[in-house]
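Listed below in structure tokens is the structure:
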């Protein structure tokens, strides 16, 4: 922020220096204009003086002229009087004629002089008037120029004043903006300091975490990884590369388009070879009317076998298309089905080589026929050359496609750096194939036109030629589509070759590629097994609530375990008491039997049976009930006994009831004690948890106090920076005030210059 302020004030100082320089220039211009106006004033004074002199001379001349005119009038009056007098006294006139003639001559001479002087004065007046007009025009033009200069200077002064006012307003706005910006920068500085502290703390934590993770990873790598397989190309080729589904879908789409083009090509080749066979059967000799030559018979026989060589091309491309799926990795090392297509293409090339000599000889035989004209012979020779070129193009294609097969069969047969060159040559061969087919269709159409002009041409020949032409056109269009398709996707074909394992980016051999595909299938099966849906788990919030309950409730694991232990101990004690009381009960039964035998012999059998039936009891509760029954039965049975026995029975029953009540109270007290013990354990656990939370809160409080102290220190630093910023702002405001004072002085100077220029312009106008 301080650097921005310094740069801003440097710019303002530069503008101020520029304005001062402009002000000096304007002052100098104003001084020059004042000197010019003073010189013009002197010239104007001199011209005014000369003009006054001329005016005075003019006035004197006009006055003299008026006197002379009056004198002439007087003379004319005198002349008229003299003439009137001459009529009255001729004698006097005659006597004084000599005198009047002399006066008249004197008057005429005087008049002539006055006329000449008047003419000379008129000329001087005219010249003076012309000179005055010319001087007035010059002065007027000078005055207009000076007014224009004054207007320009006034415009410059106005623009400078506007500029100065704009700069003052701009500086004031900049000052306000800078104050606001300084405040925002202070706030941002506070936020940045806090953020930097947090980021530093996070960075430290991250560095510590990453360091621990790095050590852990290094330990795991050192312990679990015996070697790094990416360092060796042979081992790295066995690694499964990242699955590029988009690339596989693109290759499958391209393979589908190539299959469609191959199907069109196969259909066109089948039609071409079939219709060529028909043409051989009907021209130049029709087999229906005459026997054709043995050469054409053999040629026709070979052409009849074309389907067995052409159709496998479509099957090979279909198998190649089916081998490219979304789950596989398609590169030259894994495209094993390309070998079958290459073999089928080689088989078709063998077929073309086999029929080529017969086709050439058939064309030569057709040229030797009597029906063949010179033009037809020339077209046949052109087709002769085109068929050779067609076979050569297929040989090129077969060579380059066999080179593409080598990475999946014999990788040492072709270098990986030459793959791009092979694809480029295939594209150029397809262009050559298209050009040859265009030439063949062009020449064959011309040949068919010439054959139609033969007198012996039949409709069957014309139809066959049309079918051959249509098959050639279809073949040319199909190969053209294939050529443009391969050229447009050449970059994708070459780019897909770099697909491979990480690090090496290539496969070493077809065997390693096959092993990699097997590993890929295993990996896919493993990933599918991992995608099985997991069982429903307890929600996180519910699990937290259960954990709190488990930690704080009386039924915690430790408490329950202790309760179980105590219960087991009680059960063992009760078992011992059970055995003891069973023995006591047996002894009591024996005594009771003896007493009962003594009391009543008649009831002894019944008592013995009941005692034998209840001699062995399953548990302590049943033994108690049976003993009570056995004790009650004799009471009931001996209801007729004396009162002493009944009283003893009542006492026994009372004590038995009291014992049962006390045992129930004892069991209740035991259960309550167990419950209270569990609650005490839970409270102790809660107390320990509270102590732990208290310790953690104390640590947090300590950290908070440290943070508060650190924030207080940062606050002090910010206050010092704020004071420094305020000092800088005060200095800046003082500087701005000084600049405003200088600008006001300049404005006053400009106003004075304006006033002086306006006064000069008014004086010039008045002049």
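In the numbering used here, the protein residues as written are 752 to 1518. Every residue gets a Cβ at the ideal spot worked out from N, C-alpha and C, and that includes glycine. Just so you know, these numbers come straight off a predicted model, no measurement behind them.
In the structure shown, what three-state DSSP assignment does residue 879 receive? Three-state result, residue 879: helix.
With a CB to CB cut of under 6 Å and the five nearest residues on each side skipped, what residues in its chain are close to residue 1034? Scanning its chain for C-beta atoms nearer than 6 Å, with the 5 sequence neighbours on each side dropped, one finds around residue 1034 the residues 1212, in chain order.
For residue 1221, which of 1136, 932, 1085 and 1021 has the nearest alpha-carbon? Cα-wise, what sits closest to residue 1221 is 1021.
Please state whether DSSP places residue 1045 in a helix, a strand or coil. Here residue 1045 sits in helix by DSSP.
Relative to the alpha-carbon of residue 1180, which residue among 1166, 1151 and 961 has its alpha-carbon at the smallest distance? Closest by alpha carbon: 1151.
Secondary structure of residue 1204, DSSP reduced to three states: Looking at residue 1204 - three-state DSSP - the assignment turns out to be coil, as it is neither helix nor strand.
Measuring CA to CA, which of 1025, 1100, 1156 and 859 is closest to residue 1089? Considering only alpha carbons, the answer is 1156.
Where does residue 1073 sit, in a helix, a strand or coil, going by DSSP? Here residue 1073 sits in helix by DSSP.
Considering Cα atoms alone, identify which of 1080, 1413, 1350 and 1104 is closest to residue 1601. It is not possible to answer for residue 1601, since the shown part of the chain is limited to 752 through 1518.
Three-way DSSP call (helix, strand, coil) for residue 1404 in this model: In this structure, DSSP gives residue 1404 a helical state, which the three-state scheme calls helix.
Would you give the residue range spanned by the alpha helix (DSSP H) that residue 1004 belongs to? Taken as a continuous stretch (DSSP letters only), the alpha helix (DSSP H) holding residue 1004 covers 996–1033.
Find the nearest neighbour of residue 817 within the set 869, 1322 and 792, judged by alpha-carbon distance. The option with the nearest alpha carbon to residue 817 is 869.
By the 10 Å Cβ neighbour count, where 16 or more other Cβ atoms means buried, how is residue 1336 classified, buried or exposed? The residue is buried, with at least 16 neighbouring Cβ atoms inside 10 Å.
Where residue 1087 sits in the DSSP three-state scheme: Residue 1087 carries a coil assignment under DSSP once its states are collapsed to helix, strand and coil.
Separation of residue 1048 from residue 1056, as counted between CA atoms: Each residue's Cα considered, the two are about 13 Å apart.
Just curious, the alpha helix (DSSP H) that residue 1212 is in, first and last residue? Annotation for residue 1212: the continuous alpha helix (DSSP H) segment containing it runs 1210–1239.
Let's see if you can read the secondary structure: which residues bound the alpha helix (DSSP H) around residue 1124? DSSP places residue 1124 outside any alpha helix (DSSP H), giving it a letter other than H or E.
Applying the 10 Å Cβ sphere with the 16-neighbour rule, what's the burial state of residue 1439? Exposed.
Look at the alpha carbon of residue 1177 and the alpha carbon of residue 1015, and state the distance between them as a whole number of angstroms. Distance between the alpha carbons of residue 1177 and residue 1015 is about 19 Å.
Can you check which of these residues, 823, 1443 and 1437, is closest to residue 860 by C-alpha distance? The shortest Cα separation from residue 860 among 823, 1443 and 1437 belongs to 823.
Are the C-beta of residue 897 and some C-beta of chain C separated by less than 9 Å? This model lacks chain C altogether; it includes just one protein chain.
Going by C-alpha distance, which of 946, 1052, 1045 and 1075 is nearest residue 1006? Checked all of 946, 1052, 1045 and 1075; the closest Cα to residue 1006 is 1075.
Can you find the residues in the same chain that come closer than 8 Å, C-beta to C-beta, to residue 1046, ignoring five residues on each side of it along the sequence? Closer than 8 Å at the Cβ level, and outside the excluded window around residue 1046, lie 1109, 1112, 1113 and 1116.
Please classify residue 1292 as buried or exposed, where buried requires at least 16 neighbouring CB atoms within 10 angstroms. Residue 1292 counts as exposed, since fewer than 16 other beta carbons sit within 10 angstroms of its beta carbon.
Going residue by residue through the segment 773–810, where are the continuous alpha helix (DSSP H) segments of at least 4 residues, counting only ones entirely within it? Those alpha helix (DSSP H) runs which fall completely within the segment 773–810 and span 4+ residues do not exist here.
Buried or exposed by the 16-neighbour rule on C-beta atoms within 10 Å, applied to residue 971: So residue 971 ends up on the exposed side.
In its own chain, which residues sit with a C-beta less than 6 Å from the C-beta of residue 872, not counting the 5 before and 5 after it? Cβ neighbours of residue 872 beyond the five flanking positions: 812.
Nearest to residue 1124 by CA position, among 1168, 1465, 1202 and 1190, is which residue? For residue 1124, the closest C-alpha among the options 1168, 1465, 1202 and 1190 is that of 1202.
Do residue 1013 and residue 1068 have their beta-carbon atoms positioned less than 9 Å apart in this structure? Against a cut-off of 9 Å, the Cβ pair of residue 1013 and residue 1068 comes out as a contact.
Just to confirm before moving on: does the CB-CB distance between residue 777 and residue 907 stay below 9 Å? One thing to note: residue 777 has its Cβ within 9 Å of the Cβ of residue 907.
Taking the alpha-carbon positions, what's the residue 937 to residue 954 distance? C-alpha separation (whole angstroms): 25 Å.
Let me know the secondary structure DSSP gives residue 1142 once reduced to three states. Three-state result, residue 1142: helix.
Beta-carbon proximity list for residue 1100, same chain, < 7 Å, skipping 5 on both sides: So the list reads 1145, 1146 and 1149, once near-sequence residues are dropped.
Quick one: what does DSSP say residue 1056 is sitting in, helix, strand or coil? Coil at residue 1056, not helix or strand.
Meets three-Cβ-pair contact criterion under 8 Å: the segment 791–804 and the segment 920–927: Cβ pair count under 8 Å is below three, so no.
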